[in-house]
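Start counting the sequence shown at 0; every next residue gets the next number (numbering that gives the first Met the number 0).
Notes for the one structure printed next.
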Amino acid sequence: MRRPRLAVAVVAFVIQGGVTAAEAGERLLPGPDFTTVVRQDVGMMLQIDPPSIARAYRWRIFLRTTPPNAEERLLVRAASVSPPLENRPAWLFREGRWSELLPESAIVVEVTGGGVEVDRIGIQVLYTEPQTPVGVNNIRRFHPRSADLRLRELAAGVGRLSLAPPGANSAKTLPSHSTYCTVFLVRSDRVMTAAHCVDESLSDRAAEVIFGLVDGPSGVAPTRMSVRLVEQSLELDAALLAIDPPVSNVRPVRFFSGSIEKPFQLTILHHVGGDPLSISDDDACEVVEVVSRGPPTYDAAAGRETTILDAGFKHGCDTAGSSSGSPIVDRQESKLVGMHRRGYREGEQEVNQGIRGVYLQNWLQKALRK
Numbered sequence: 000m001r002r003p004r005l006a007v008a009v010v011a012f013v014i015q016g017g018v019t020a021a022e023a024g025e026r027l028l029p030g031p032d033f034t035t036v037v038r039q040d041v042g043m044m045l046q047i048d049p050p051s052i053a054r055a056y057r058w059r060i061f062l063r064t065t066p067p068n069a070e071e072r073l074l075v076r077a078a079s080v081s082p083p084l085e086n087r088p089a090w091l092f093r094e095g096r097w098s099e100l101l102p103e104s105a106i107v108v109e110v111t112g113g114g115v116e117v118d119r120i121g122i123q124v125l126y127t128e129p130q131t132p133v134g135v136n137n138i139r140r141f142h143p144r145s146a147d148l149r150l151r152e153l154a155a156g157v158g159r160l161s162l163a164p165p166g167a168n169s170a171k172t173l174p175s176h177s178t179y180c181t182v183f184l185v186r187s188d189r190v191m192t193a194a195h196c197v198d199e200s201l202s203d204r205a206a207e208v209i210f211g212l213v214d215g216p217s218g219v220a221p222t223r224m225s226v227r228l229v230e231q232s233l234e235l236d237a238a239l240l241a242i243d244p245p246v247s248n249v250r251p252v253r254f255f256s257g258s259i260e261k262p263f264q265l266t267i268l269h270h271v272g273g274d275p276l277s278i279s280d281d282d283a284c285e286v287v288e289v290v291s292r293g294p295p296t297y298d299a300a301a302g303r304e305t306t307i308l309d310a311g312f313k314h315g316c317d318t319a320g321s322s323s324g325s326p327i328v329d330r331q332e333s334k335l336v337g338m339h340r341r342g343y344r345e346g347e348q349e350v351n352q353g354i355r356g357v358y359l360q361n362w363l364q365k366a367l368r369k
């Protein structure tokens with residue numbers, strides 16, 4: 000029997016200023032309360048003093064920029080250290096974007112042109128709060144013994160991507176100082192994930208993929224492997240990563256070729272909070288909107304933002320921040336319908352977003368031929 004959709008009732012914490020947590024696994028604080036304008040002339044410089052709670056937990060800041068053109072840069076650095084922790088195109092933050100995890104010291108944020116504001120501060124606390132479109136968390140741990148053959152085959156090719164902060168090139172920083180995403184196998188030596196997980200490059204940070212991370216016996220020993228970025232598409236929020244060593248005796252994902260209508264039942268496998276593999280497949284885990292806009296990107300030649308109007312779709316499956324890059328498959332054959340890229344945010348329609356499999360398949364075929 001189909002469960003009715005409920006009003007959102009996820010647990011939210013209230014800290015200073017009445018700000019409630021809507022992001023995955025974070026408590027939110029109002030950014031302006033901790034921000035001082037240092038300079039405001041051609042560009043802009045802000046100093047952010049970390050909340051006292053940041054000494055116990057990891058923290059980051061949500062930034063919005065108003066760059067006049069695509070050449071402007073956004074820099075984030077510790078106030079007492081010259082080399083930047085981040086140095087990215089400022090236009091990436093036009094619609095708002097989280098920084099990387101930050102050290103305990105005061106932080107300086109600077110844009111070379113235009114303006115920047117700190118919208119909020121996220122304190123990563125004890126658990127990952129899910130994005131639950133029906134108001135009830137139905138994410139549960141995946142147990143291979145209770146799954147059918149197709150789902151077990153798929154699960155063997157779903158892995159956890161661990162990412163150290165930028166500048167941390169030593170594997171010793173993993174996994175204690177990691178952020179996480181989910182990947183899935185598309186070839187024995189290639190995996191796919193969301194492009195925003197790797198943020199332009201992996202060259203300045205330690206990263207690894209692990210397969211076989213499940214609760215209980217799986218028949219596959221957990222395997223850690225190095226990873227590097229091969230190709231990415233910001234228009235599809237997709238990244239192709241090379242893994243070393245390649246995996247053997249694991250079947251890459253198969254793409255769904257049929258038509259999708261509402262309500263089309265789905266399943267997601269993901270590493271929520273970096274934990275062992277979890278599954279979302281409750282009654283509300285279905286296609287909510289067959290076609291939607293892809294992620295916005297900046298067209299430098301045209302001098303404006305652009306998007307692929309029908310690259311996305313919306314779904315009602317429970318996810319969390321570390322679900323980015325997860326395979327979304329059809330309930331019957333476990334074939335790829337799309338990739339999860341984003342959960343809903345406070346004030347938005349309570350549905351989550353994916354990239355359609357047909358676009359991913361076409362992009363992947365071209366990328367593998369290079």
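Glycine residues also receive a C-beta, built at the ideal position from the N, C-alpha and C atoms.
This structure is a prediction, so every number in the text was calculated from the model and none was measured.
Counting along the chain, the unbroken alpha helix (DSSP H) around Gln360 starts and ends at 356-368.
In the structure shown, Arg253 adopts coil according to DSSP, grouped into three states.
Put simply, the backbone Cα of Gly337 is about 23 Å away from that of Glu207. Counted as a single uninterrupted DSSP element, the beta strand (DSSP E) harbouring Val36 occupies residues 34-39.
Bounds of any beta strand (DSSP E) do not take in Val133, whose DSSP letter is neither H nor E. Our two residues, Val249 and Pro82, have alpha carbons roughly 42 Å apart in a direct line. Where Leu235 is concerned, there is no enclosing alpha helix (DSSP H), because DSSP gives it neither an H nor an E. Between Ala163 and the set Val190, Glu332, Cys196, Tyr343, the nearest pair of CA atoms involves Cys196.
When secondary structure is reduced to three states using DSSP, Arg144 falls in the helix class. Taken atom to atom, the span from the alpha-carbon of Asp243 to that of Ser225 is near 5 Å. Taken in chain order, the complete alpha helix (DSSP H) segments of 4 or more residues contained in the region 181-214 are 194-197.
One Cα belongs to Trp58, the other to Gln130, and the distance between them is close to 20 Å. Note: Ile278 is bridge-paired with Arg139, Leu268 in the DSSP secondary-structure output. Lys313 is bridged by DSSP to Glu288, Gln352. Here DSSP, grouped into helix, strand and coil, assigns Glu152 to helix.
Short of 8 Å from the beta carbon of Val350, and not among the five residues preceding or following it, lie these beta carbons of its own chain, in chain order: Pro132, Val287, Glu288, Lys313, His314, Gly315, Tyr343. For the pair Thr64 and Trp97, the CB atoms are not nearer than the 9 Å cut-off.
By the C-beta criterion, the region 145-155 is judged to be in contact with the region 328-337, since at least 3 inter-stretch pairs fall below 8 Å.
Excluding residues up to 5 positions away in sequence, Ser187 lie with their Cβ nearer than 8 Å to the Cβ of Ser247 in the same chain. Per the DSSP secondary-structure output, Leu335 pairs in a beta bridge with Phe254, Val328.
In this structure, Ile354 and Gly293 form a Cβ contact; the two beta carbons are roughly 7 Å apart against a cut-off of 8 Å. Just measuring C-alpha positions, the residue of Leu239, Val271, Glu285 sitting nearest Glu260 is Glu285. Arg93 is positioned such that its CB atom lies closer than 9 Å to that of Pro66.
Boundaries of the beta strand (DSSP E) harbouring Asp298: 296-298, taken from the DSSP string.
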